[in-house]
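With our numbering applied, the sequence shown covers 4 to 423.
Cβ atoms here follow ideal geometry from the backbone N, Cα and C, with glycine treated the same way.
Have a look at the structure below before the remarks.
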Amino acid sequence: MDIKSLLCTKTDCECGNIHSCDIENVIIGKNAIKRLTDEDICGKYDRILLICDSNTYKAAGERVQALLGDKVESLLIYESEGFLVPNEESVEIAESRLTDKTQLIVGVGSGVINDICKYVSFGKGLPYYIVATAPSMDGYASKGAAMLMSGMKITYNTHVPKCIIGDTDVLRNAPLEMIKSGYGDIIGKFSCLNDWRLSSVVNGEPVCEYIYKLTYDTALGMSKMGKAVISRTEESIEYLMNALVIVGIAMAYMGNSRPASGSEHHLSHYFEVVGLLRNEPYFCHGTDVAYSMYEVQRMREKILALPSPKAKKFDREVWEKDIRRIYGTSADEVVKLQEKLGWIYEDKLPVYTEKWEEIKKVLSETPSLSETEKMLSDALLPLDDFYKMYNSEKLADAQNYAKELKDRYTVLWLYSALEI
Ligand SMILES: [Zn+2]
Ligand SMILES: [Zn+2]
Numbered sequence: 004m005d006i007k008s009l010l011c012t013k014t015d016c017e018c019g020n021i022h023s024c025d026i027e028n029v030i031i032g033k034n035a036i037k038r039l040t041d042e043d044i045c046g047k048y049d050r051i052l053l054i055c056d057s058n059t060y061k062a063a064g065e066r067v068q069a070l071l072g073d074k075v076e077s078l079l080i081y082e083s084e085g086f087l088v089p090n091e092e093s094v095e096i097a098e099s100r101l102t103d104k105t106q107l108i109v110g111v112g113s114g115v116i117n118d119i120c121k122y123v124s125f126g127k128g129l130p131y132y133i134v135a136t137a138p139s140m141d142g143y144a145s146k147g148a149a150m151l152m153s154g155m156k157i158t159y160n161t162h163v164p165k166c167i168i169g170d171t172d173v174l175r176n177a178p179l180e181m182i183k184s185g186y187g188d189i190i191g192k193f194s195c196l197n198d199w200r201l202s203s204v205v206n207g208e209p210v211c212e213y214i215y216k217l218t219y220d221t222a223l224g225m226s227k228m229g230k231a232v233i234s235r236t237e238e239s240i241e242y243l244m245n246a247l248v249i250v251g252i253a254m255a256y257m258g259n260s261r262p263a264s265g266s267e268h269h270l271s272h273y274f275e276v277v278g279l280l281r282n283e284p285y286f287c288h289g290t291d292v293a294y295s296m297y298e299v300q301r302m303r304e305k306i307l308a309l310p311s312p313k314a315k316k317f318d319r320e321v322w323e324k325d326i327r328r329i330y331g332t333s334a335d336e337v338v339k340l341q342e343k344l345g346w347i348y349e350d351k352l353p354v355y356t357e358k359w360e361e362i363k364k365v366l367s368e369t370p371s372l373s374e375t376e377k378m379l380s381d382a383l384l385p386l387d388d389f390y391k392m393y394n395s396e397k398l399a400d401a402q403n404y405a406k407e408l409k410d411r412y413t414v415l416w417l418y419s420a421l422e423i
């Protein structure tokens, strides 16, 4: 995989759009951390805010601090007892460490640290670098900062890091749960790409075939490496980190997360949001994504078994009652978003009927249930764990109401519009 070639602006795409990504450097491999001291990486910066948590400081932060020496103006180590949450408080702590002379933020960590650094640096108009400590999710190269503000998961459109460092020696030593999560986030792309295709048939949403193929091929390569990533082979961990960055670039190219997040992500967000609201457990992001891909595949196959589409009656009162039961204190925002969108009132049956054969063709293109289960079991993600974590009521709520968290058309909208 040649990431460098993806960092240029692509002006000749057949979709007619110009695709660009503002990342200047991606360095993945053995001893990648050492490259931080290169003249073209940190040479021009003398006042750096270094952000870690107590685990990532031990994993790589300490080494980064030693390499950067006097250039580190301030070192912030979040005490990560329990989970560090990307919320108002964490943002405030980071902002309080900035001076008007700070030139660069360097984050050492994975999902949450990356989101906080992305959000804070964007807000302050500063560049940021990320030194990855785990190949756990695809947000390293994306513009989206997934924050948890007022208890709601909100993805802000911010900016990409100027530099991503993925040192394979550090990444291979990440907790296995995080490696599985990264793998899950990548294989989940089979599902979201299919949602994109479905939306193109149903809503005429444009698909960029170049970005589609870039993401699809990346997921396809990953799907054959489940066993290798569990063994933490150098080659597979390097592939995984590259894959996570490439998918991030695909999102940057697109200007949104369409190539990388669909129904499987909406389910995973639902498990996370509801888990936080009710103080119930949930899996790491990508693990939830991988399991959710299986769950959504079950839904796709139920739709495929229908001889023809029949509309389910929508009852606004029942809907709101369910939303309030499920989302509790966050329900107002969910209702507001959907009222604004108005999709709950739309009758798409004429489109579904007219395009039924085309819809079925698209839905049959994803990996089957048994293929999906194999991808999961290769990476030690047994389905039993998933069904033990979430009971049937929670899963049914996810199938029916996870889509309301977002403003993106996926197979979840088709599923809940039909009598199944
Ligand atoms: Zn394109
Ligand atoms: Zn993801």
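Item: Please report how far the alpha carbon of residue 107 lies from the alpha carbon of residue 366, in whole angstroms.; Value: 45 Å
Item: Can you check which of these residues, 120, 216 and 151, is closest to residue 333 by C-alpha distance?; Value: 151
Item: Under the criterion of a Cβ to heavy atom distance below 8 Å, does residue 264 qualify as lining ligand 2?; Value: yes
Item: Residue 226: beta carbon under 8 Å from a heavy atom of ligand 2?; Value: no
Item: Count the other C-beta atoms from every protein chain shown that fall within 10 angstroms of the C-beta of residue 410, then say buried if there are 16 or more, exposed otherwise.; Value: exposed
Item: If you measure from the CB of residue 13, is any heavy atom of ligand 1 nearer than 8 Å?; Value: yes
Item: With H, G and I counted as helix, E and B as strand and the rest as coil, what does DSSP make of residue 46?; Value: coil
Item: Considering only the alpha carbon of each residue, which of 248, 177 and 194 lies closest to residue 59?; Value: 177
Item: From which residue to which residue does the alpha helix (DSSP H) around residue 54 run?; Value: That residue, residue 54, is in no alpha helix (DSSP H); its beta strand (DSSP E) goes 51-56.
Item: Which residues are close to ligand 1, meaning CB closer than 6 Å to any heavy atom, in chain order?; Value: 16, 18, 20, 22, 211, 213 and 214
Item: In the DSSP assignment, the alpha helix (DSSP H) including residue 225 goes from what residue to what residue?; Value: 212-226
Item: Could you pull the start and end residues of the alpha helix (DSSP H) that residue 114 belongs to?; Value: 114-127
Item: Only counting the same chain, and skipping five residues up and downstream in sequence, which positions put a Cβ closer than 6 Å to that of residue 256?; Value: 22 and 214
Item: Does the beta-carbon of residue 271, which I'm using as the reference point, lie nearer than 8 Å to any heavy atom of ligand 2?; Value: yes
Item: Mind checking whether residue 290 and residue 422 have CB atoms under 9 Å apart?; Value: no
Item: Could you check which residue in 407, 314 and 276 has the C-alpha nearest to that of residue 326?; Value: 407
Item: Please look up how many angstroms separate the CB atoms of residue 80 and residue 56, rounded, as I've assumed it's under 8 Å.; Value: 6 Å
Item: Classify residue 298 as buried or exposed, calling it buried when 16 or more other Cβ atoms lie within 10 Å of its own Cβ.; Value: buried
Item: Exposed or buried, what is residue 92 when buried is set at 16 or more other beta-carbons lying within 10 Å of its beta-carbon?; Value: exposed
Item: Roughly how far, in whole angstroms, is the beta-carbon of residue 174 from the beta-carbon of residue 225, given that I think they are within contact range, below 8 Å?; Value: About 15 Å; that fails the 8 Å criterion.
Item: Any beta carbon of chain B sitting closer than 9 Å to that of residue 312?; Value: No chain B is part of this structure, which consists of one protein chain only.
Item: Rounded to whole angstroms, what's the CA-CA distance from residue 383 to residue 166? Just pull it up for me.; Value: 32 Å
Item: How long is the line joining the alpha carbons of residue 184 and residue 284, rounded to whole angstroms?; Value: 16 Å
Item: Hey, quick one: how far does the alpha helix (DSSP H) through residue 183 stretch, first residue to last?; Value: 179-190
Item: Any heavy atom of ligand 2 closer than 8 Å to the CB of residue 25?; Value: no
Item: Using the C-alpha atoms, what's the distance from residue 182 back to residue 111?; Value: 17 Å
Item: Any heavy atom of ligand 2 closer than 8 Å to the CB of residue 188?; Value: yes
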